[in-house]
Each structure stands twice: as C-alpha cells, then as structure tokens.
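Chains as they are written, first to last, in my numbering: chain X, 362 to 521; chain C, -19 to 557. Single-structure report; data block below.
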C-alpha cells in the first residue's frame, strides 16, 4: 500500500543523504521524496512516498526514527491528512487540437503559466492522483516535458 | 584559555575518561598527534594497520564495557578502518573513531589522501560528524560519546579537517551535559506491555528464555540470573550472548541456532512461549523463518524498537534496557503462580540425552574440539577468549562454557576474519590480569598478523591457539555439503612456519602435531605469563562443525555428527549465505 511519511529533521548537511541512503541500503522503495526548510530554520521537512506492506512500512518508520538527525516521523496515511503535488507540464499545442487540450486543462483544474506559439506550460496542483490523471488524459505524444515535485503533506489535526 | 583544535580534542578525550587510544598517524592528524604527545594520561597504542586499531578498540570496549577509541588519518587510514567500524556496528559496540580529513578549503578537490569519510561510513556507523569549525569541536565530541554509549550502542565517527585542529580559539571547557531533541534513546519500560508479558508467562507450559548480546552489553547478567532462577525456565543463549548466563548451570541449554545444541533448538521449536532478551532474531538463529517456532507466543525485550518485528513478528514488545525490563517482570511475577513445567523439563532432559556435542575421536589426529576442551581445562574456564571467524569460532563457542559475561569476544554479526588477534590485544589492555586466548585458524590469523609487532611493543601477552587444518574450514565444510565436494580455493597452500614467524616477532612459538603434546603445550604456553605464545596446532583437516541446521531448514531438522547424512539442500537453501 502507498504511504506518505512526513519527517522533521535537523537542517544539517548530510541529513538528506542519511535518509536516502537508508532506503537504498535496506532495499526500501521510494516513490517520491521532497525536502525543504521550514519556518524553524533549524528544521527541514521531508515527505516521502513509499509502497510496502504494513510490516515494511513499520520498519521504515522505525528505521527513520532511529536516524540521529530525525526529530519526528509521522505516517500521514495513518491519520487524516492533506496531500498535494504540483506538476509543470510542457505540451506541444498545435492549433488543430488546442481546444481539446484546453478542455483537459479545465477539467483537471490546470493553469497555463506560460504559452508560446506552439507550446503551453501548464501547472497542475492537487493530490498525486489528479496530476497522474491529467498526464494520462493528454496524448503522450504531445507531452514535451514533465516535472513533478513529489508529494508533500500535513496532518489535519492541530497536533499529531 | 586559548587552545588549538587538536589540544581541545585531547582535552575532551581526557574529560571523557579515555585512557587508551588505538591509532596510526598520518598527515591529516599530525596536529592531533602533537597534542596527544604532550598528554601523559592517555596511552596511545601504535598499531600496524588501521583495521587493527579499530578491532583493538573494539576488543577493549567489549571487555571493559567502556567506549573504545581509535584514531586514524584521512584517505587510506579511514578506508582501512571501515571493516573494523562495520564489525563494531553489527555487534553494537560503543566506540568513537576519530579520522583526520583534508583542510576544509580543499574538501571536494580530490586532494591528497582525501576520501568522503562521512559518505563511506554512513551505513556502518550509528552516527557520524564532519567537523569544519573548531568552535563546534567540543560539542560534537560530547555528542559522539553520548550517542556511542547510550541506547543501543554503536560506533560514531568524527571526521575532523586539518584546519580545525590547527585553528586556535578561546576554549571554555568541555560541555558537562548535552541535550539532543532528535535523540532520546532511554525509554521507560511500558507497564501495559509488562502485564501482557506476565499473562503469557503465567500460562506458559513450554517456556524458554532466548538471551542475546543485549544481555551482555546491557550489563544484565545478574538480573538475567535472577529472572531465570525465579521462573525455573530453561535458557538458551546466542553466539553474542554467551556468558551472560552461566553455561555450566543446569538451566542452561547452551547455544542455539545453526550450530547450537539439539536441546536448545528443539526446545525453541516446541516452545509455547519464548522470552527474547536483547536478541534480534538473526538469520543464524532462526534458520528458515517459515519453520521458526511455530507454536510460540513471543515476548521481545530490546532497547532498539527497530529490532522488534524486523524478521519475526512478536506478541509483546518491551522496549527498554534489559535490566529494567527483567526487573519489572520479576516484580510483576512475584505474587503470580506459574504453570508446573516438570513435564517440559523431562522432555528437555530427553533431548539433552541425545548428547549432540559428542564427537568421534580418531587416533593419530588432533580433534579441534579437544583443543578447546583442553584450553578450558588449562585455563580453568577463567580466560578471556577472543576468536576469529570460521569453524574454530564455532568450536570455541561450543566447547568452552562461559560462566561470566565479557569473556567471549567474537565478531558475530559481520563475521570478520582478522578480528581475533587485535581484539585479544585490546582485551589484554582492558584487563591486564586476565589470561587472554585468541582462538584462530591459519586462514584468519594471516589477515591481521602484523599486530604481533604491536603486541610486543606494548607488552600485551596473549596466547594464540591456532587450529591449523590447512583449509578455510567453514568454506570447505560448505563445499563438502552443498557443492559436491568441489573444494574451490579453500585450501591454504604455502603456509608459513608459524613458530619461526612468532619468533621473528619476538614471541614464543610452539608447534603441536601429536595429541599427547597438546595439553603440555597449552600448560607451557599459559605459564609464560609475560610472553605472547603462538601455539600452532595441526588439527584434523576433515572435521566438520556439528550439529548443524542446514540452510533452509527449521530448528527441528538439525543434523547430528555421525548420525545424519547431509541432506541435499533445496534451491531456496542455496540462496542463503
């Protein structure tokens, strides 16, 4: 099953590679990983999407918690949470099928953030599934480039 | 007080109570050596290879219970140390390794003797630090010792750039305490889990205690004895746990696992309640996981939550120090009645009657098992025994019953050949009055021979018991069983004359070729209190380690010496190491 794991870790050099290294050394799977500083400049927030059965996810959480630089580990999937992902998608737009593309953008809540004579750059934000759905809706041959941020998320309760 | 980084480091080490450092100098650590030279209460042991330094510090830590310290230079100094660091990591040994690094200005430039020490060691340390600012140094040293010695212990690397050691700053003393929000390893034992465990223990008809290295590292020997006596439960110990509970006690079933006793493995298999104490269900213990302890409820005591449920699902997890957990169990069991387990003990006595450790003697050859038995007799069971890795390691574990903890020193997790000799040197430094024996083989000993020179220089007399069968014995055994006797590269041709070799290093060498010479030679060796003696003993080259759970089999499917044909191993088994 797909799990979203959220970490707070010391904002120190090497912390990211400790987490990434743990996943490869123990053969855990990473679907996506995002990391950035938080409002507390001593902390980074990392969000990892991994797929595994309950036993593996439990081991992932425990092994992450064991890393000295990791301050908190939360399995967001185990609680009510908000997840978001952003994608920038560059699309080949030829006047003949521009209308069709406009329709897909509209249906998936996309936003054209840049347009040239024959390309659109579209921003899609939402759950990962929405981003995936949008990409599936567009004819693969017309997609020139995709850059997805990976999932980030927060739990909905005031404290977790 | 104005000090340079090197002086600050030495000041910190003094404040940590460090008395021995095992190390090897080089360009990046010259300032540290300069400062160390001016310090007269830390002894430095100049090894001959950095791997020897780390194994030395490791043996020292295992015997003394203190944090071992090793000091190496950048580049090859650090890479040579990696095997030692990984060895300590797998066996949860408290250790701080200090490595020099090139100056921060040239890091990343592929400078002379530069390697990414933090990157290389990341997966085999508990934690590591790169120090680029002298102002950070004292705090990091404090953190390193704190991390290495608390919770589940392990090695911590401090990689220090050369400029950090040179820069002078105003030093206002070693920090007295440290608080790390991201590292709070000491947890109180959960009362609810104790209640659940008690409920299982009081219903158990076929209980067994399975104790591991955590009982040794957690200094929980006394508590383990109290708990075992209090419950009258049988106890089996892992390779890493030997000595925490006295092997010669009637409740002890000996070691379990791949080369454990018949009674220990059968009792594990048939048990309805296993109390795992500081043990991690390693693959050498469990055998085939699908066949592991099919009838048992499992209670698992461990300081490391990630050990729980890693390979085997458990019913009750008690996270905390072994001492605290066992104490809580003893208190909770005081007014409880346990099930009468006389029938269980009767069954165990039947298994014991199989006498799985029996071996056949043959006239004209020295059986390796008899060497260990003679060693036990000559040292009256009181020696510290280190070992290398292979058949001799198993025989030492099987035929030298350890009654006290921190007497059996071996690389259980990583299985590092070459560990035994430098570890013996560290053991002798930690406990100079003890007799120290290094049980080894002609394969392993040649991996760290150079430390014979260090041992002369620092006067650490140990007795090297070389079980010389001319083969990489464990490899040969597996080739015999699983590769149709195709002995690929397991034969040791062109061995040195170990007697002359020992003599050339300034030690005593004795060669034993006949059975009747064995005991007199060992007696003579241990008489030489102040000398290292290399006893080279020619043993039966065809002897195998039994009993044995072959790869892919369960505890109840073990093979006994001379009684079972080696069954062919299935494909699944061949994939196991």
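Glycine is no exception: its CB is placed at the ideal position from the N, C-alpha and C atoms. The model shown is predicted, which means the values in this text are computed figures rather than measured ones.
Subject >> Interfacial residues, the segment 280 to 294 of chain C to chain X, with Cβ spacing under 9 Å >> reply: 284, 285, 286, 287, 288, 289, 290, 293
Original post:
According to a CB-to-CB cut-off of less than 8 Å, which residues of the segment 83 to 104 of chain C neighbour chain X?
Top reply: 98, 99, 102, 103
Original post:
In terms of residues, what are the limits of the beta strand (DSSP E) holding residue 451 of chain X?
Top reply: 442 to 453
Original post:
Cα-Cα, which of X/426, X/412, X/474 is closest to residue 284 of chain C?
Top reply: X/426
Subject >> is_contact[residue 356 of chain C, chain X] using C-beta, thresh 8 Å >> reply: no
**OP:** Please confirm whether residue 412 of chain X and residue 366 of chain X have their CB atoms less than 8 Å apart.
**Re:** no
Original post:
Skipping 5 residues on each side, what residues in its chain have a beta carbon closer than 6 Å to that of residue 490 of chain C?
Top reply: 501, 515
**OP:** Compare the C-beta of residue 163 of chain C with all C-beta atoms of chain X and state if any pair is closer than 8 Å.
**Re:** yes
Original post:
If we cut at 8 Å on Cβ distances, does residue 378 of chain X have a partner in chain C?
Top reply: yes
Original post:
Can you find a C-beta in chain C that's less than 8 Å from the C-beta of residue 434 of chain X?
Top reply: no
Original post:
To which residues of the same chain is residue 334 of chain C closer than 8 Å at the C-beta, ignoring the five residues directly before and after it?
Top reply: 242, 243, 540
Original post:
Would a check of beta-carbon distances place residue 429 of chain X closer than 8 Å to chain C?
Top reply: yes
**OP:** Name, going along the chain, the residues of the segment 120 to 132 of chain C whose beta-carbon falls closer than 7 Å to a beta-carbon of chain X.
**Re:** 127
Original post:
Along the chain, which unbroken stretches of the alpha helix (DSSP H) at least 4 residues long are found entirely within the segment 354 to 417 of chain C?
Top reply: 371 to 379, 400 to 410
Original post:
Shorter than 8 Å from the beta carbon of residue 448 of chain X to some beta carbon of chain C?
Top reply: no
**OP:** Taking residue 468 of chain X as the reference, give the member of X/491, X/404, X/451, X/455 with the closest Cα.
**Re:** X/491
Original post:
Using a Cβ-Cβ cut-off of 6 Å (strictly less than) and excluding sequence neighbours within five positions of residue 291 of chain C, which residues of its own chain qualify?
Top reply: 261
Subject >> Opposing strand residues paired with residue 508 of chain X [DSSP bridges] >> reply: X/449
Subject >> DSSP state of residue 522 of chain C mapped onto helix, strand, coil >> reply: coil
Subject >> Identity of the residue in C/19, C/274, C/524 nearest residue 458 of chain C by Cα >> reply: C/524
Original post:
Between the segment 345 to 358 of chain C and the segment 392 to 405 of chain C, are three or more C-beta pairs nearer than 8 Å?
Top reply: no
Original post:
Under a Cβ-count criterion, where at least 16 other Cβ atoms within 10 Å of its own Cβ denotes burial, should residue 437 of chain C be classed as buried or exposed?
Top reply: exposed
Original post:
Is any beta-carbon of chain X found at less than 8 Å from that of residue 107 of chain C?
Top reply: yes
Subject >> residue 273 of chain C: first and last residue of the uninterrupted alpha helix (DSSP H) it sits in >> reply: Segment: none, residue 273 of chain C is in no alpha helix (DSSP H) and carries neither H nor E.
Subject >> Close beta carbons around residue 379 of chain X, own chain, < 7 Å, minus the five adjacent residues each side >> reply: 428, 430
**OP:** Can you grab the Cα-Cα spacing for the pair residue 432 of chain X / residue 157 of chain C, in whole Å?
**Re:** 19 Å
**OP:** Consider the Cβ of residue 497 of chain X: report whether some Cβ of chain C lies at a distance smaller than 8 Å.
**Re:** no
**OP:** Could you pull out every residue in the same chain whose Cβ sits closer than 6 Å to the Cβ of residue 80 of chain C, ignoring the five residues on either side in sequence?
**Re:** 8, 9, 53, 54
Subject >> Residue range of the unbroken beta strand (DSSP E) whose run includes residue -8 of chain C >> reply: Premise fails: residue -8 of chain C lies in the alpha helix (DSSP H), -15 to -5, not in any beta strand (DSSP E).
Original post:
With a cut-off of 8 Å, does the C-beta of residue 371 of chain X fall near any C-beta of chain C?
Top reply: yes
Subject >> residue 107 of chain C - containing beta strand (DSSP E), residue span >> reply: 107 to 111
**OP:** For residue 416 of chain X, return the contacting residues in chain C, with the cut-off set at a CB-CB distance below 8 Å.
**Re:** 289, 293
**OP:** Give me the Cα-Cα distance between residue 34 of chain C and residue 41 of chain C, rounded to the nearest whole angstrom.
**Re:** 10 Å
Original post:
When you compare only the Cα positions, how much space is there between residue 475 of chain C and residue 449 of chain C?
Top reply: 11 Å
Subject >> Cut-off 8 Å between Cβ atoms - residues of its own chain near residue 479 of chain X, not counting five sequence neighbours on either side >> reply: 453, 454, 455
Original post:
Run through DSSP, which three-state label would residue 385 of chain X get?
Top reply: helix
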